[in-house]
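Chemist: Residues in the sequence shown are numbered from 89 upward in steps of one, following this note's numbering. We put the CB at the ideal spot given by N, CA and C, even for glycine. Since the structure is predicted, the reported quantities are computational estimates derived from the model, not experimental observations. Right, I'll just put the structure down here and ask away after.
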Amino acid sequence: MKRKFDHSASETNDQAATGRRYWRSLDELAATPGFQAQAAREFPEGSDNLNGVDRRSFFKLMAASFALGGVGLATGCRRPEAHILPYGKSVEHIIPGLPLYYASAMPLRRDAIPILAETHQGRPTKLEGNPTFAPYGGATNALVQASVLDLYDPDRATTHTIKGSATTAAQIHDLLAAIGADARSTRGADLVFLAEASGSPTRARLVAKLKTVLPAAIWAEYEPVTDQPPAAAAQAAFGRADVKPLYRFAKAKRIVSLDADFFVSEAGSLAYARDFAKGRKALTREADINRLYAVESTFTLTGSMADHRLRLASSHLLGFVAALAGQITGRDTFAKLAQGLTFDNQDKWLAACAADLLAHKGKSLIVAGSHLPAEVHAIVHALNVALDAVGNTVDFVSVPADSAVGITEVAAALTAGSVKTLVLLGGNPAYNAPADLGFAGAIAKAKQVVRLGYYVDETAAAAPSGVFLAAAHYLESWGDARTADGTIVPIQPMILPLFGGITELEVLARILDEEKTDGYSLVYQTISGLNALGGDEGDKGFRKFLHDGLLAGSAYPVTDVSISGSGLSQLVSSASSAPASVTETSLEVRFTFDTKVDDGRFDNNGWLQECPEPMTKIAWENA
């Protein structure tokens, strides 16, 4: 305890011995009344004199209180009886202090990254790649590594609500079943679904049933930024929309990248980066390593590895590929599209690039960014055919046909007032939908809104009187997905849902009145059907699927393609031939993926926000 010391002249030995007087302030030296009053308030007289009570006296006084407390608690506040069993026999496969690993996958749009999840006593703590999936070789990216933090995000939604009031899981189940029963009476005429893109075979199966049971319902998908090339390009180039390219960079000696950051943002980038690196290995002095030409509108990791890099506005890439096609084929089929194209050393650059590609026919490859228009992709497909790349450096694989409509059709139905029930599965369209749609206001025009979301965000706020379902994290969910090459991978829960979250598979199953609506049964039914096995063999196949982390032989099959001249001509004839010039006063704005937070869905992840942008090294800034 602080004490006030009185340095009076009569009591100070130092002063008596040395003739000196010590003081701590001028007020103390002058002994002013104000100082004396302040000192008295800070150190009142007698404040340090406590009444002494020895230990024996203390227990004498408190004995009665202890006795009364014991009597009262003995009969009315007993703990409930429970039989606690000793941990005499350890749980199978669990050794205290050692982690357990489970094969799973992180889904992202129509892609997925196979992972091995490290768990400690049932809690996921670290994620690494699954080496069983050869194309990725056990690799992951920053999004996977940091996604475990989202599981424990304190800002995630923790309760289901109806009109803003918390509700139970049983009430939610009854409500979803009622929506399905009501929709079946009208064949789904006033029911609309808006979901994120997904490669889940189980979701595809449920959506197919949805279109059979509720043929009048609208199924729509929306992504603010896409990582898939336009299906219209394949339709124009080959006469079929159910194909997509898979690139074989390891076999390519000359590569032209048109605004395609295939190291980071394109689907399958983990495999493409590994394949490209294989072509860069110079094992001998005479080794012919690959050469990369990058034509891009932004500085990317792919561009940083380029042997020849050309900075060009994204809107001018149609003119560039048209001019390149003229150099390669010697024809003026696309000449009108190249009108207005100008850049430094244009003729020299195009001639050298085309000559290098032609000198390596069968070992050349042209790649277009997924955000580029269908006309660019269609011409690129035609050039890859002309360069004998198909079957060598690029394969075309058959993919499931995409019959989903877009968010524009949903906005139109909402504005027309023809939507009774709107089911929003993930995403945040009220925030990132095109502004001219006015989607946040359109949501309120639906008579009932059911929103499945991981956060209580702008879309949830747009329907405050609706139903909000707290979504489960993928590490606490059953599901499945496809990698970029089509391989089916499992999504296994490492832990029970922390807050009783629900998945989109369970929402669809309850609306469709499936016999079994839990995630495990839904995925089991899908995989067992693909395996065409039943009984014990089906169980073995499913266990192997979960153990290995992939379904062997499930990749998209390679298919033959041939150029459709009429479709290609029809597509490019409608394209604009005069792109706008880009100057200091007339800029071009392009929305693209961020290397840290993707399309913004990971913006609440502190680990990712702290990662520096790989090119600028900027962290925590929007530049």
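In chain order, what residues of the same chain lie with their CB nearer than 7 Å to the CB of A499, ignoring the 5 residues before and after it?
Modeler: If we look at A499 and ignore the five residues flanking it on each side, its Cβ neighbours are L525, F527 and A530.
Chemist: What does DSSP give as the partner residue(s) for Q536 in the beta ladder?
Modeler: T509, per the DSSP bridge assignment.
Chemist: Count the other CB atoms within 10 Å of the CB of V649; is the residue buried (16 or more) or exposed (fewer)?
Modeler: With 16 or more other Cβ atoms within 10 Å, it is buried.
Chemist: Would DSSP call I182 helix, strand or coil?
Modeler: DSSP places I182 in coil when its eight states are reduced to three.
Chemist: Assuming contact is defined by CB atoms lying nearer than 9 Å, are S392 and M703 in contact in what I supplied?
Modeler: Taking 9 Å as the Cβ cut-off, S392 and M703 qualify as a contacting pair.
Chemist: I'd like the ranges of any alpha helix (DSSP H) spanning at least 4 consecutive residues and lying wholly in the segment 611–648.
Modeler: DSSP runs (the alpha helix (DSSP H)) wholly in the segment 611–648: 623–636.
Chemist: Using the beta-carbon count (16 or more within 10 Å), is Y110 buried or exposed?
Modeler: Its Cβ having fewer than 16 others within 10 Å, Y110 is exposed.
Chemist: Determine the DSSP secondary structure at I531, reduced to helix, strand or coil.
Modeler: Helix, per DSSP.
Chemist: Of all the options D490, W708 and F690, which has the alpha carbon lying nearest to the alpha carbon of L237?
Modeler: Residue F690 is the option with its Cα nearest to L237.
Chemist: Are A548 and A532 touching if we call contact CB-CB under 9 Å?
Modeler: In this structure, A532 does not lie closer than 9 Å to A548 by Cβ.
Chemist: From A319 to A283, what distance separates their C-alpha atoms?
Modeler: Answer to the nearest angstrom: the Cα atoms are 19 Å apart.
Chemist: I need the straight-line Cα distance from E461 to Y360, nearest angstrom please.
Modeler: Glu is not the amino acid found at residue 461; the sequence shown has Pro there. Going by the C-alpha atoms only, they are around 22 Å apart.
Chemist: For H248, collect the residues of the same chain with a Cβ closer than 6 Å to its Cβ; drop the 5 residues on either side in sequence, then sort them by chain order.
Modeler: If we look at H248 and ignore the five residues flanking it on each side, its Cβ neighbours are T255, I260, L557 and A558.
Chemist: Quick one: grab the DSSP three-state call for A687.
Modeler: Before going on, a small fix: residue 687 reads as Asp here, not Ala. Note: D687 maps to coil in three-state DSSP.
Chemist: Starting from D115, trace the alpha helix (DSSP H) in both directions and tell me its first and last residue.
Modeler: First-last of the alpha helix (DSSP H) with D115: L114 to A118.
Chemist: Fully enclosed by the segment 368–456, which beta strand (DSSP E) runs are 3 residues long or longer?
Modeler: You should have 379–384, 396–399 and 452–456.
Chemist: Considering only C-alpha positions, which residue in the set E311, G217 and A324 is nearest to L512?
Modeler: Of the candidates E311, G217 and A324, the one whose C-alpha sits nearest the C-alpha of L512 is E311.
Chemist: Note down the Cα distance separating D278 from L510, rounded to an integer number of angstroms.
Modeler: Answer to the nearest angstrom: the Cα atoms are 9 Å apart.
Chemist: What's the gap between the Cα of H208 and the Cα of V493?
Modeler: Between H208 and V493, the C-alpha separation is close to 43 Å.
Chemist: Please confirm whether Y644 and K339 have their CB atoms less than 9 Å apart.
Modeler: No.
Chemist: Out of curiosity, what's the CA-to-CA distance linking T300 and T591?
Modeler: C-alpha separation (whole angstroms): 22 Å.
Chemist: Since S642 and G626 should fall inside the 8 Å C-beta cutoff, what is the C-beta to C-beta distance between them, to a whole number of angstroms?
Modeler: S642 to G626, Cβ: 16 Å. No contact.
Chemist: DSSP three-state label for R336, please.
Modeler: In the structure shown, R336 sits in coil (DSSP, three-state: anything other than H, G, I, E or B).
Chemist: Using a 10 Å radius around the Cβ and a threshold of 16 neighbouring Cβ atoms, would you call E384 buried or exposed?
Modeler: Classification of E384: buried, given that the 10 Å Cβ count is 16 or more.
Chemist: Does the Cβ-Cβ distance between T290 and V611 come in under 9 Å?
Modeler: Yes, they are a contact pair.
Chemist: Using alpha carbons as the reference points, say which of P219, V482 and A257 lies closest to A341.
Modeler: Residue identity differs from the one stated: residue 341 is Lys in this sequence, not Ala. Among P219, V482 and A257, the Cα nearest to that of K341 is on V482.
Chemist: Where does K214 fall in DSSP's three states?
Modeler: In the structure shown, K214 sits in a strand (DSSP, three-state: E or B).
Chemist: Looking only at its own chain, which residues have a Cβ that is under 6 Å from the Cβ of G287, when we skip the five neighbours before and after it?
Modeler: Here the set comprises R198, A569 and R570.
Chemist: Would you call V715 buried or exposed, if buried means 16 or more other Cβ atoms sit within 10 Å of its Cβ?
Modeler: Since the first and last residues shown for the chain are 89 and 711, residue 715 lies out of range.
Chemist: What number of angstroms, rounded off, separates the C-alpha of A534 from the C-alpha of K508?
Modeler: So the alpha carbons of these two residues sit roughly 6 Å apart.
Chemist: In its own chain, which residues sit with a C-beta less than 7 Å from the C-beta of S357, not counting the 5 before and 5 after it?
Modeler: F350 and F351, listed in sequence order.
Chemist: If you measure between the beta carbons of T220 and L638, is that distance less than 9 Å?
Modeler: In contact: T220 and L638 (Cβ atoms closer than 9 Å).
Chemist: Between which two residues does the beta strand (DSSP E) containing E206 stretch?
Modeler: Unbroken beta strand (DSSP E) run through E206: D199 to H208.
Chemist: In whole angstroms, what is the alpha-carbon distance linking S674 and G428?
Modeler: So the two alpha carbons sit approximately 16 Å from each other.
Chemist: Within 10 Å of its beta-carbon, does R129 have 16 or more other beta-carbons around it, so buried, or fewer, so exposed?
Modeler: Burial call: exposed.
Chemist: Report all residues from its chain with a CB closer than 7 Å to the CB of C699; omit the five preceding and five following residues, and keep chain order.
Modeler: If we look at C699 and ignore the five residues flanking it on each side, its Cβ neighbours are A230, K684 and A707.
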